[in-house]
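Undergrad: Heads up, the sequence shown is in this note's numbering, so the first residue is 8 and it goes up one at a time. For each residue, glycine too, the CB sits at the ideal point set by N, CA and C. All values reported here derive from a predicted model rather than from experimental measurement.
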Amino acid sequence: PTDARILITGENGVGKEMVARWVHEKSKRSSGPLVEVNCAAIPGELIESELFGHEKGAFTGAVASRKGYFETANHGTIFFDEIGTISLETQTKLLRVLQNRTVERLGGIRTVPVNVRVIAGSKRDLKISHQFPSGTDFRDRLCKKFAAEVEKVTQGALHFDVYPQSSLMKTNAQFSAMRKGALDLSF
Numbered sequence: 008p009t010d011a012r013i014l015i016t017g018e019n020g021v022g023k024e025m026v027a028r029w030v031h032e033k034s035k036r037s038s039g040p041l042v043e044v045n046c047a048a049i050p051g052e053l054i055e056s057e058l059f060g061h062e063k064g065a066f067t068g069a070v071a072s073r074k075g076y077f078e079t080a081n082h083g084t085i086f087f088d089e090i091g092t093i094s095l096e097t098q099t100k101l102l103r104v105l106q107n108r109t110v111e112r113l114g115g116i117r118t119v120p121v122n123v124r125v126i127a128g129s130k131r132d133l134k135i136s137h138q139f140p141s142g143t144d145f146r147d148r149l150c151k152k153f154a155a156e157v158e159k160v161t162q163g164a165l166h167f168d169v170y171p172q173s174s175l176m177k178t179n180a181q182f183s184a185m186r187k188g189a190l191d192l193s194f
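Encoded structure:
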């Protein structure tokens, strides 16, 4: 088992969530929580509070401190469905979490360590810059934080590719030996 971050791409209905659940269940994190986040369903003004949490009084209506999805998923897996819909500003904060393995709640002054495996899904190919209106450089940096991409799911087979440029490739021997292939999911 590996803790490598995985990006799952494919059209709606191909089973991205099912693959994320399968990966979580087969991982050493299976006894921890699996937190599924539909990024497209969260309004832009609320997504940072949902992901990173907030402290009491951080904004109007924040009457109590609240853990975000990252803290909730600690020692487990977090699945971001439609990760390509989040703003560049939020992506910058997400990149910091992936690099530092800490979150800072909105309105907070301390960092909270998180030990979370990240799986992301998108119906768009996040490597194709013309699909985004502006600021694609960061999206490239975000893509490089994922070690493997699930390209499609067909009749119970997982077709994957491994990113040789991924920053994780140097530290993950299991993925560095792989390049492209298929895996029987048996689901």
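1) If you check the beta carbons only, do G83 and V123 fall under 8 Å apart?
2) Apart from the five residues on each side of it in sequence, which residues of its chain come closer than 6 Å, Cβ to Cβ, to D88?
3) Determine the burial state of T16: buried for a count of at least 16 other Cβ atoms within 10 Å of its Cβ, exposed for fewer.
4) Could you spell out the range, first to last residue, of the beta strand (DSSP E) harbouring S129?
5) Since F77 and F59 are thought to touch, with beta carbons under 8 Å apart, how far apart are those beta carbons, to the nearest angstrom?
6) Determine, using beta carbons only, whether V30 and I49 come nearer to each other than 8 Å.
7) Mark S37 as exposed unless 16 or more other C-beta atoms lie within 10 angstroms of its C-beta, in which case mark it buried.
8) Check each candidate in N81, T9, A47, G39 and name the one with the smallest Cα separation from V119.
9) With a CB to CB cut of under 7 Å and the five nearest residues on each side skipped, what residues in its chain are close to N19?
10) Would you mind working out which of K23, P40, D132, T67 sits nearest L113, comparing C-alpha positions?
11) Measure the Cβ-Cβ separation of K151 and L105 and say whether it is below 8 Å.
12) Report the residue ranges of all beta strand (DSSP E) runs contained in full by the stretch 47 to 95; include only those spanning at least 3 residues, in chain order.
TA: Considering the structure as presented:
1) On the sequence shown, position 76 is the one that residue 83 refers to. On the sequence shown, position 116 is the one that residue 123 refers to. Yes, these two residues count as a Cβ contact at 8 Å.
2) Position 81 of the sequence shown holds residue 88. N45, G128, listed in sequence order.
3) The sequence position of residue 16 within the sequence shown is 9, counting from 1. When all chains shown are included, T16 counts as buried.
4) Along the sequence shown, read from residue 1 onward, the residue named residue 129 stands at position 122. Counting along the chain, the beta strand (DSSP E) containing S129 begins and ends at 124 to 129.
5) Translated into positions along the sequence shown, residue 77 becomes position 70. Translated into positions along the sequence shown, residue 59 becomes position 52. Indeed they touch by this definition, with Cβ atoms about 6 Å apart.
6) The residue labelled residue 30 in the question sits at position 23 within the sequence shown. The residue labelled residue 49 in the question sits at position 42 within the sequence shown. Against a cut-off of 8 Å, the Cβ pair of I49 and V30 comes out as no contact.
7) Along the sequence shown, one-based indexing puts residue 37 at 30. By the neighbour-count definition (other C-beta atoms within 10 Å, threshold 16), S37 is an exposed residue.
8) Start at 1 with the first residue of the sequence shown, and residue 119 comes out as number 112. N81 is the residue among N81, T9, A47, G39 whose C-alpha sits nearest the C-alpha of V119.
9) On the sequence shown, residue 19 is found 12 positions in, with the first residue counted as 1. Here N19 has K130 as same chain residues with Cβ atoms under 7 Å from its own Cβ, once five neighbours each way along the sequence are excluded.
10) Locating residue 113 in the sequence shown gives position 106, counting from the first residue. Selected option, being the one with the closest Cα: T67.
11) The residue labelled residue 151 in the question sits at position 144 within the sequence shown. The residue labelled residue 105 in the question sits at position 98 within the sequence shown. No, the Cβ-Cβ distance between K151 and L105 is not below 8 Å.
12) 84 to 88
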